[in-house]
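In this note's numbering, the protein residues as written are 16 to 327. Notes follow the structure.
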């Protein structure tokens, strides 16, 4: 028998045989993941009624509203070495904490004291490191900021395990891993890099936590770093940027004197809720506060601004 130009043999390939041993393929936790559609009714309603909230968390600049940090996604932070990726992430973590998020920093290139010193200056907005100001910062970050205390390389499977434990036991909602170079994967081992990204993205989707991974850009062959790299210049496997939800390029303008000296280029945003899917933002770096200002002559954010989420 045929239907149109399709034969029985064609349709039979889509039929599940009766002799399949499902026990070999079905895991105990799979049953709990098969849900009736109405279980998502409330989530869909809230997405419709609260579109701004559904779009995700904001970055600490009003002009950057076209990019959001969404639950369950993975963001790659790329850029040349020394182009302030970690510094920018410090300010982003402050904004996430201000919005009620719980952050875990797995920084394998910087001691916790240095990370915290930078964030305290960014919180103060004026370079103030007084003891009262430090106490104010730790009150602001209480129960919302954790740091994994180790410098040097640890195996990528352990990094995933640490992140999973923190999500399940501490309620972590934002995981920052700095960087791919320090998780025990050789630069040319693209297969293992893909496995690592698959584990991270799956962890994010299964738990709702947002995963941030720093992955350096390859140095130009001519050594010229005056032009920003693209997502395809991220060192390692193409799966790094293919499998993630978002890719941000951080670029420091070092050569020419301009009204800005830092760029943030959104090279990928899978679930954009704004007007522009891949916007670019320019900032001026303030040496005293270590903040990135939206405008050259604009003001820095102070502790009350962080508490009230008064972005400029």
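A virtual CB, placed ideally from N, CA and C, is assigned to each residue, including glycine. Keep in mind that this is a model prediction, so the values were computed, not measured.
Item: Identify which residue in 124, 299, 137 and 163 has its Cα closest to the Cα of residue 317.; Value: 137
Item: Round the Cβ separation of residue 277 and residue 85 to the nearest angstrom and send it over; I've been treating them as touching at under 8 Å.; Value: Wrong, their Cβ atoms sit about 24 Å apart, outside the cutoff.
Item: Using a 10 Å radius around the Cβ and a threshold of 16 neighbouring Cβ atoms, would you call residue 153 buried or exposed?; Value: exposed
Item: Whole angstroms is fine: what's the gap from residue 255's alpha carbon to residue 158's?; Value: 31 Å
Item: Check this for me: beta carbons of residue 230 and residue 314, under 7 Å apart or not?; Value: no
Item: Quick one: Cα of residue 16 to Cα of residue 258, how far?; Value: Only weak support is given to the placement of residue 16: the predicted model assigns it a pLDDT of 43, under 50, and the question is left unresolved by the model.
Item: For residue 12, which residues does DSSP report across the bridge?; Value: Look at the range of the chain in this structure, 16 to 327, and you will see that residue 12 is not part of it.
Item: Can you tell me which of 144, 72 and 81 puts its alpha carbon nearest to the alpha carbon of residue 303?; Value: 144
Item: Reducing DSSP to helix, strand and coil, say where residue 301 ends up.; Value: strand
Item: Report yes or no: do three or more beta-carbon pairs, one from the segment 51-60 and one from the segment 294-312, lie closer than 8 Å?; Value: no
Item: Let me check understanding here. Comparing Cα to Cα, which of 211, 75, 291 and 127 lies closest to residue 89?; Value: 211
Item: Using C-beta distances below 8 Å, list every residue in its chain close to residue 77, excluding the 5 sequence neighbours before and after it, in chain order.; Value: 309, 326 and 327
Item: Taking C-alpha atoms, which residue in 53, 74 and 70 lies nearest to residue 296?; Value: 74
Item: Have a look at the DSSP bridge pairing and note the partners of residue 103.; Value: Paired residues: none, contrary to the question.
Item: Classify residue 160 as buried or exposed, calling it buried when 16 or more other Cβ atoms lie within 10 Å of its own Cβ.; Value: buried
Item: Mind checking whether residue 219 and residue 117 have CB atoms under 7 Å apart?; Value: no
Item: Rounded to the nearest angstrom, what separates residue 217 and residue 83 at their Cα positions?; Value: 20 Å
Item: Between 48, 47, 70 and 54, which has its C-alpha nearest residue 286's C-alpha?; Value: 70
Item: Taking the straight line between their C-alpha atoms, what separation do you get for residue 290 and residue 166?; Value: 41 Å
Item: Report yes or no: do the segment 105-112 and the segment 161-180 share at least 3 C-beta pairs separated by less than 8 Å?; Value: no
Item: Where residue 270 and residue 202 are concerned, what is the direct C-alpha to C-alpha distance, given to the nearest angstrom?; Value: 29 Å
Item: Should residue 244 go down as buried or exposed, given a rule of 16 or more other Cβ atoms within 10 Å for buried?; Value: buried
Item: Considering Cα atoms alone, identify which of 260, 242 and 312 is closest to residue 233.; Value: 242
Item: With a threshold of 16 other CB atoms inside 10 Å of the CB of residue 272, please say whether the residue is buried or exposed.; Value: exposed
Item: Going by DSSP, what residue range makes up the beta strand (DSSP E) through residue 279?; Value: 277-284
Item: Please state whether DSSP places residue 177 in a helix, a strand or coil.; Value: helix
Item: Can the beta-carbon of residue 224 be found less than 7 Å from the beta-carbon of residue 188?; Value: yes
Item: Less than 7 Å separating the beta-carbons of residue 91 and residue 222?; Value: no
Item: Taking C-beta to C-beta, are residue 72 and residue 120 nearer than 7 Å?; Value: no
Item: Could you tell me the alpha carbon to alpha carbon distance between residue 190 and residue 176, rounded to whole angstroms?; Value: 12 Å
Item: Apart from the five residues just before and just after residue 156, which ones in its own chain have a Cβ nearer than 7 Å to its Cβ?; Value: 112
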